[in-house]
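Peer 1: Sharing a structure with you now.
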Amino acid sequence: MNALKRHLPTGRRRTVAAVLAAAALLGSRDDSARAGTTAVDPQQAADAATTSVAGTVTAIEQEGEHGRTVWKVDVVDSRGTGHEVTVDPGDGKVTASTTGTREDREDGDDRDDAAEAAAVKSAGTDLGRALKAALAAVNGTVTSVEIDDAADGTAVWEIDVVDAGGTAHEVVVDAATGRVTAARADDHARHGAHEDDDHGADD
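So for the sequence shown, the working numbering puts the first residue at 109; every next one is plus one.
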């Protein structure tokens, strides 16, 4: 990102920043809108996915597809190949499976899949414990979870939780200890909705 800023004129930097901010805002609103719309929780979605594709779950996320919410589960098999498994949010059945995770398609690089799977396997805190820790810190509905690395290189679980008021929170759980190291609220979803209501009232 720093390299990008160095090569863009000021006006284009502002445009890029505005686009990134808008994307974050839309993502927060989507999380709030989808929270609580599935009967199947993340752990159940993960279990269903690994029944279909044997391997290690590295990420789970709610996503809108054909007018409804589904679970997208990233699974890395024993050969280090990533798969994206779609799980029905109502009955927990697998409805689709494709080779390559969403992250692979976005960055065109699947080399991180094996490293992420290794991080999950070596973590002292598994997916289930990480989810419990996040929900103990923020009472609400989990909309996504993924293994990632912190600034210091340690593995962490990053979990998005939407509370009863519709506010999205990013909860970070240390993958080694299971302790919550950060919980950041994002008021964009709630405040953005209020702003839309206000604008609508003016029209």
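Ideal Cβ positions, reconstructed from N, Cα and C, are used throughout, including at glycine.
This one's a predicted model, so the numbers in the text were calculated from it and none came from an experiment.
#1: Could you give the distance in angstroms between the alpha-carbon of T146 and the alpha-carbon of T249?
#2: Express the C-alpha separation of R292 and A132 in angstroms, rounding to a whole number.
#3: Measuring CB to CB, does V184 end up less than 9 Å from V193?
#4: Ignore the nearest five residues each way along the sequence and tell me which others in S186's own chain have a CB closer than 8 Å to its CB.
#5: Got a sec? Which residues, its chain only, sit under 6 Å from Q152 by beta carbon, not counting five neighbours each side?
#6: Let me know if E173 comes out buried or exposed under the rule of 16 or more other beta-carbons within 10 Å of its beta-carbon.
#7: What separation, rounded to the nearest whole angstrom, lies between the Cα atoms of D294 and T189?
#8: Taking all protein chains shown into account, decide if A263 is buried (16 or more other Cβ within 10 angstroms of its Cβ) or exposed.
#9: Mind checking who T249 pairs with in its DSSP beta bridge?
#10: Under 8 Å by Cβ, that's how I've got E286 and A241 pegged, so tell me the actual separation to the nearest angstrom.
#11: Quick one: what's got a C-beta closer than 7 Å to G236's C-beta in the same chain, skipping five residues either side?
#12: Would you give the residue range spanned by the beta strand (DSSP E) that S205 belongs to?
#13: Only counting the same chain, and skipping five residues up and downstream in sequence, which positions put a Cβ closer than 6 Å to that of T233?
#14: For T207 and T166, I'd like the C-alpha separation in whole angstroms.
#15: Could you work out which residue in G274, V202 and I255 is closest to W265 when comparing CA atoms only?
#16: Between T209 and the rest of its own chain, which residues show a CB-CB distance below 6 Å, the 5 nearest in sequence each way excluded?
#17: Quick one: Cα of T159 to Cα of A204, how far?
Peer 2: The answer reads as follows:
#1: 10 Å
#2: Note on A132: pLDDT 41, under 50, position unreliable in the model; the coordinate value appears next. For A132 and R292, the distance between alpha carbons rounds to 14 Å.
#3: no
#4: A162 and G163
#5: G200
#6: exposed
#7: 34 Å
#8: buried
#9: V270
#10: The sequence shown places Gly at residue 286, not Glu. About 6 Å separates the two Cβ atoms, so the contact holds.
#11: Q151
#12: V202 to T207
#13: A283 and G286
#14: 14 Å
#15: I255
#16: D182, G190 and E192
#17: 13 Å
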